[in-house]
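Chains A and B, in that order, are what the protein sequence lines are. The first sequence begins at 1 in this note's numbering and counts up one residue at a time. The second sequence begins at 1 in this note's numbering and counts up one residue at a time. Ideal Cβ placement from N, Cα and C applies to all residues, glycine included. Let me begin by presenting the structure, written as structure tokens, before commenting on it.
Number of protein chains: 2
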Amino acid sequence: MGISERKEREREEMKQLIMAAALKMFLEEGYAKTSIRNIADAIEYSPGTIYLYYKDKDELLFEVQRHAYNTLLQVFKEKANSKDPLERLAQICKTYVSFGLENPELYDLMFIIRAPMNADESQHKSNGEDSFKYLIDTLATCIEQDLVVFKDPNLAALQVWAMGHGLVSLDLRCRLKVMSLDEVTTRETLNRSIDEYLSCIRK
Amino acid sequence: MGISERKEREREEMKQLIMAAALKMFLEEGYAKTSIRNIADAIEYSPGTIYLYYKDKDELLFEVQRHAYNTLLQVFKEKANSKDPLERLAQICKTYVSFGLENPELYDLMFIIRAPMNADESQHKSNGEDSFKYLIDTLATCIEQDLVVFKDPNLAALQVWAMGHGLVSLDLRCRLKVMSLDEVTTRETLNRSIDEYLSCIRK
DNA sequence: TCATTTACTGAACACCATTCAGTATGTTTG
DNA sequence: CAAACATACTGAATGGTGTTCAGTAAATGA
């Protein structure tokens, strides 16, 4: 009997419907300003229904994050695929920063917002791991070929990520105001910082 | 007549009372979980009273931030005051990271939380500027004495800050889970990253 | 002493996330 | 086919939130 299969499929479709609406509204209005009621309104169901598919608002955010991490990985595979590992590393960094600046709300959901990485310990390792692995692998190749000053790919990846995330998140949180540079140059400033940093770690 | 002076003083004391209670509760419970009602309860006033002294919850947060930035600057002056500019730079970085790890809630309020830097454009330049200037000055001295690879103190400060902030905020948001290192070594890992980075930018 | 200003209250408003008794529909079983 | 059961969904209710504002009581000034 294919009924239970159909039910399962319908359930998955419903989860997708909710997730898509949530994503859209998170991006347009931000996580905090998007209420379960709003999402329910948007998909023309009652608020209670959403709780039949997601435990709470955080679980919904978690689902959206998973989606976003996959997106980032896809972008990496598209725009950071040079054969030359050093070049690829540069592409990864530039792509990461562009991604953050062009999708500020999405970046927020992925890397800055509090919930739900803190509470829920179990599953999250898998979340975003692939994108991070993409960076680690590239750095491992760089290290193998003796192109960078690093020795441990993990530590190297942490450092590179920290630099990228630091630049993007300081900008998104308007902490670059203290530097008083006009908006047009913000992006250029960040890119120059990345370039300077990369030339530092190059051997 | 000293009445208006006394009133002014009393007003300032009341603002301090509210701010102190807010800070305490922000640190203990976090910004989001601290309600105006809770603060009012703590100081034994009605919720409405708080709005006679602060426009809204964000303005209260802003006041707390101002306080926190001053604290950070004091810590810098205490623990990062070596005569040798390179040494001082290292001290600043280490102090910054320690400050973040030891005061996670405070760090959150200062650098990660959304409100209110975004909305309110006017005053915030002054906020935290002093601490940033402390870093810029140190880097300017390093550049003068040709000790680092940088040329522009502003860009240099941005990069150093980004690295520090990146490391701390990724840790606070549990994004280092992807690296699966035991807790004891987290701090050591961050310190080693800082050291490695500093040796990169040294000439 | 009396009018006015000031400080404060706390109920009310419009939201929020979440729960759950109740309903209505789809599915399985006798 | 009908009755029993399972599933999907509703929407009102609970206990919270930030914020406002009419009303009160005390301090001040005339």
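With fewer than 16 other beta carbons inside 10 angstroms of its own, LEU52 of chain B counts as exposed. Within chain B, no residue has its CB atom less than 8 Å from the CB of VAL64 of chain A, the nearest being about 16 Å off. Between the C-alpha atoms of ASN154 of chain B and ILE136 of chain B there is a straight-line separation of about 6 Å. In this chain, the alpha helix (DSSP H) harbouring ARG9 of chain A covers 3-29.
Interface criterion met: the Cβ of CYS200 of chain A is under 8 Å from a Cβ in chain B. Annotation: ASN70 of chain B has no Cβ neighbours in chain A at a cutoff of 9 Å; minimum Cβ distance is about 15 Å.
Non-local beta-carbon contacts of ARG202 of chain B in its own chain, meaning distances under 8 Å to residues more than five positions away in sequence, involve LEU86, LEU147, VAL148, VAL149 in chain order. Straight across, the Cα-Cα distance linking ILE143 of chain B with ASN70 of chain A is about 42 Å.
Under the criterion of beta carbons closer than 8 Å, LEU170 of chain B and ALA162 of chain A qualify as touching, at roughly 6 Å.
Between TYR31 of chain A and LEU106 of chain A, the C-beta gap is not smaller than 8 Å, which leaves the two residues out of contact. Look at ARG202 of chain A here: in three-state DSSP terms it is strand. Cβ contact annotation for GLY128 of chain A (same chain, cutoff 6 Å, sequence separation greater than five): TYR69, in chain order. In the displayed model, VAL64 of chain A falls within a helix according to three-state DSSP.
For GLY166 of chain A, the number of other beta carbons within 10 angstroms of its own is at least 16, and it is reported as buried. One thing to note: LYS79 of chain A has its Cβ no nearer than 8 Å to the Cβ of GLN65 of chain A. For GLY2 of chain B, there are no C-beta contacts with chain A under 9 Å, since the nearest C-beta of that chain is about 40 Å from it. Per DSSP, ARG114 of chain B lies in no alpha helix (DSSP H) and is assigned neither H nor E. For the set A:ARG192, A:PHE111, A:TYR197, the Cα lying nearest the Cα of ARG173 of chain A is the one of A:PHE111.
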